[in-house]
Amino acid sequence: MKLFGSSGIRGPANKVIGPELALNVGMAVGTVADSVVIGKDPRIAVDMIEQALIAGLSATGCEVTLGGLMSTPTLAFATADYDCGIMITASHNPAEDVGIKLWNPDGVAFDSQQQERIEHIIENADYSAVAWNEVGNVKYREGFVERHCRAILSKTDTSHKRVVVDCGCGAGSTITPYLLRELGCEVITLNCQPDGYFPARNPEPVEKNLGQLIKAVVAFEADIGIAHDGDADRMMVVDEQGNFVSGDELLALFALQDKQDKVVVPVDTSMIVDDALGDTEVLRCRVGDVYVAEQIKASGAYFGGEPSGSWIFPDVSYCPDGIYAATRIVNLIADRSLSKMVADLPHYPTLRSTIECPEARKEHAMQQIKQSLEAMGEVTAIDGIQVDLEDGWVLVRPSGTESKIRITAEARKDVDDLFDRVVSIARGAIQ
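Using this note's numbering, read the sequence shown as starting at 30 and increasing by one per residue.
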């Protein structure tokens with residue numbers, strides 16, 4: 030049984046992720062935890078999943094606290110007072126998807142060993158059901174968002190920048206605009222009404238989905254534009270000129286903000302980070318925020334993140350916190366424009382793409398791709414298949430959350446030829 034991808038359990042609602050699976054996950058979690066807090070994003074199917082989780086948790090005697098609509102970073106922060114946190118979200122996935130992600134009290138998502146234990150319990154129906162008079166209680170609790178805000182404000186300087194915030198109708202609507210106003214910013218909101226249909230744009234905060242934000246930043250002469258995904262664990266940025274800032278550039282800027290000895294990034298990160306940080310050790314890991322968090326914790330790194338928009342600041346939490354990241358980036362531009370800071374970074378052409386690939390074909394396709402890429406150079410397999418070349422690198426890896434294969438290529442020269450060659454290899458392997 031393999032339920033967990035690189036970021037929890039996700040899939041189409043009522044097809045892959047339905048009430049029966051949620052009930053089983055609830056019973057499995059309740060078997061290993063005595064107290065659980067549940068949060069949810071605004072997706073249409075979250076109430077259905079929540080009710081099934083509650084039933085499963087209660088059946089094993091687990092005490093359940095419901096926090097309602099909140100961001101994933103808020104839920105992870107709240108989990109400090111419980112044995113486990115459950116976030117019902119599909120993060121940046123489209124509206125028809127839903128998901129379940131499990132959190133430890135220290136803000137780290139369940140690691141591989143914990144995930145395997147949950148899967149083993151479900152596969153073997155090894156649940157610890159309790160007697161009728163030992164069924165777990167369910168209660169509602171308010172104040173989680175306010176507590177998260179206070180924790181962030183205690184670590185952040187004031188700012189009077191003009192900021193456009195695009196929450197994409199997701200859970201970030203409950204916190205980021207209000208937090209930035211508390212910080213002193215002039216906040217202009219865009220798509221900040223929670224709506225599980227995500228009518229304004231696709232939840233993933235990539236450049237092609239942020240046309241409204243780009244126009245708004247220019248039209249309102251804002252200092253910066255901030256965008257979240259569906260659950261606000263991700264945050265991406267548009268500079269004051271309306272230019273989208275890449276995740277690799279943001280990784281470098283955040284790492285430079287309080288430069289220390291070690292940072293953690295996934296294998297698909299640009300050489301920009303290495304060259305910008307100089308003598309700071311850049312540790313690489315598998316793609317997925319749980320792997321970045323594990324490596325940060327194990328190495329004592331001061332920061333880590335992913336080019337997809339996940340930023341982990343261990344002084345607050347080991348959970349990617351797009352809300353805290355929003356305050357950090359606003360503080361970063363206190364004395365200098367974002368566009369000028371980005372211009373000072375080294376830049377190398379990087380190309381990224383995804384190719385649709387049915388789950389049943391992924392393993393066979395990756396084997397074929399590996400055989401073809403071995404002819405190009407030495408292959409490493411931290412996550413997917415990576416080939417390091419003299420002037421660059423290429424990475425092909427199966428998505429852990431979607432039926433896709435992701436391709437990244439970066440080179441100081443001829444990146445188009447390299448990228449086209451690898452895309453052709455991947456397409457041929459999938460057919």
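Glycine included, every Cβ here is placed at the ideal spot set by N, Cα and C.
A quick note: this is a predicted structure, and the numbers were derived from the prediction, not measured.
*At which residue ranges does the segment 269-312 contain complete alpha helix (DSSP H) runs of 4 or more residues, listed in the order of the chain?*
Complete alpha helix (DSSP H) runs here, min 4: 276-286, 300-306.
*In whole angstroms, what is the alpha-carbon distance linking Tyr353 and Ser453?*
Taking the straight line joining both Cα atoms gives about 40 Å.
*Any idea if Ala327 is buried or exposed, counting beta-carbon neighbours within 10 angstroms, 16 or more meaning buried?*
Ala327 should be labelled exposed.
_Nearest neighbour of Arg313, chosen from Val293, Glu211, Gly201 [CA to CA]_ = For Arg313, the closest C-alpha among the options Val293, Glu211, Gly201 is that of Val293.
*Could you tell me if Asp268 is buried or exposed, where buried requires 16 or more neighbouring beta carbons within 10 angstroms of its beta carbon?*
Looking at its Cβ environment, which holds 16 or more other Cβ atoms inside 10 Å, Asp268 is buried.
*Nearest-angstrom beta carbon gap, Ile384 and Ile459 [assumed within contact, 8 Å]*: At roughly 6 Å, the Cβ-Cβ gap stays under 8 Å, so Ile459 and Ile384 are in contact.
_Limits of the alpha helix (DSSP H) - the one that Ile434 falls within_ = Membership of Ile434 in any alpha helix (DSSP H) is not indicated; the residue belongs instead to the beta strand (DSSP E) covering 433-440.
*Could you check the C-alpha separation between Glu335 and Ala109 for me, to the nearest Å?*
The straight-line gap from Cα to Cα measures roughly 24 Å.
*Sort Asp364, Lys69, Pro343, Gln142 by Cα distance to Ser202 and report the nearest one.*
For Ser202, the nearest C-alpha among the options comes from Lys69.
_Cβ neighbour criterion (16 or more within 10 Å) applied to His393_ = His393 sits exposed, since fewer than 16 C-beta atoms from the chains shown fall within 10 Å of its C-beta.
_Just to confirm my understanding: we take Ile217, look at its own chain, exclude 5 residues before and 5 after, and list those with CB closer than 6 Å. What are they?_
Its chain contains Val193, Phe249 as the residues whose beta carbon lies nearer than 6 Å to that of Ile217, once the 5 sequence neighbours on both sides are disregarded; these appear in chain order.
*Counterpart residues of Glu335 in DSSP-defined beta bridges*: Answer by DSSP bridge pairing, in chain order: Ser339.
*Collapsed DSSP secondary structure at Val167 in the structure displayed*: Val167 carries a strand assignment under DSSP once its states are collapsed to helix, strand and coil.
_Exposed unless 16 or more other CB atoms sit within 10 angstroms - verdict on Thr118_ = Thr118 should be labelled buried.
_In the DSSP assignment, the alpha helix (DSSP H) including Met395 goes from what residue to what residue?_
Taken as a continuous stretch (DSSP letters only), the alpha helix (DSSP H) holding Met395 covers 388-402.
*In the structure shown, what three-state DSSP assignment does Asp258 receive?*
Asp258: coil per DSSP, three-state reduction.
*Compare the C-alpha of Ile150 against each of Arg191, Asp252, Leu52 and name the closest.*
Considering only Arg191, Asp252, Leu52, the residue with the shortest C-alpha distance to Ile150 is Leu52.
*Using the rule of at least 16 other Cβ atoms within 10 Å of the residue's Cβ for burial, across every protein chain shown, is Glu419 buried or exposed?*
By the neighbour-count criterion, in which a residue is buried when 16 or more other Cβ atoms sit within 10 angstroms of its Cβ, Glu419 is exposed.
_Within 8 Å of any Cβ in chain B, is that where the Cβ of Glu335 sits?_
In the displayed structure, chain B is absent; only one protein chain is listed.
*asked:* Taking the beta carbon of Ser183 as the centre, do at least 16 other beta carbons fall within 10 Å, making it buried, or is it exposed?
replied: Its Cβ having fewer than 16 others within 10 Å, Ser183 is exposed.
_Please tell me whether Leu86 and Gly165 are closer than 8 Å, where the distance is taken between their beta carbons._
Yes; because the gap between Cβ atoms is below 8 Å, this pair is in contact.
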